[in-house]
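Numbered continuously in our numbering, the sequence shown closes out at residue 132.
C-beta: ideal position from N, C-alpha, C; glycine also.
As the structure is a computational prediction, the values presented were derived from the model and not from experiment.
Data block below; observations after.
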Amino acid sequence: MSGALYWLTVSAGLMLVLWVPYTAKYATLVGLEKGMRDIPDVSVLPDWARRCRRAHMNLIENFAPFAALVLVLHVTGKADPSTATAAAVFFFARMLHAIVYIAGIAYVRTVFFAIGWLVCFYLLWQALTS
Numbered sequence: 003m004s005g006a007l008y009w010l011t012v013s014a015g016l017m018l019v020l021w022v023p024y025t026a027k028y029a030t031l032v033g034l035e036k037g038m039r040d041i042p043d044v045s046v047l048p049d050w051a052r053r054c055r056r057a058h059m060n061l062i063e064n065f066a067p068f069a070a071l072v073l074v075l076h077v078t079g080k081a082d083p084s085t086a087t088a089a090a091v092f093f094f095a096r097m098l099h100a101i102v103y104i105a106g107i108a109y110v111r112t113v114f115f116a117i118g119w120l121v122c123f124y125l126l127w128q129a130l131t132s
């Protein structure tokens, strides 16, 4: 597995587990049966859990272009050590984004979001010009 594909995979893993804390908290507040039956009323969640949910949704929104670009680079043979490094930066930026978002550190989360966003533009540049 190439480096970029590895970081794509662990980024998918982050996305797969990020829903667990806020969903577990919701289940403790409204009960498992109601939690599985109804559309979640996120207003009952404490602030940290609502931020965790939003961090998860934000990762989902940003994962699609990241994944597409990594796969395009791989399929076209344009993946190289710089794209693998960029994919690693994306993962760590998104992980740190989630941590500081959940912690409620407002301006720092924006920096980590921007880093992940810039990585996607770098990957796009590599895909279009290499």
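What residue from the options has the CA that sits closest to residue i's CA?
i	options	result
A116	W50, L130, F93, I104	F93
Y28	L16, R96, V44, L18	V44
R111	L61, G33, C122	L61
I107	L130, D49, P83	D49
F123	P23, W21, P67	P67
With a 10 Å radius around its C-beta and 16 neighbouring C-beta atoms as the bar for buried, classify residue i as buried or exposed.
i	result
W127	exposed
L130	exposed
L75	buried
Determine the direct distance from the alpha carbon of residue j to that of residue i, and round the result to whole angstroms.
i	j	result
W119	F65	10 angstroms
W9	V72	9 angstroms
A6	H99	20 angstroms
S53	Y103	The sequence shown places Arg at residue 53, rather than the Ser named in the question. Approximately 6 angstroms between the Cα atoms of the pair.
V46	P83	45 angstroms
A57	S13	13 angstroms
G15	K80	24 angstroms
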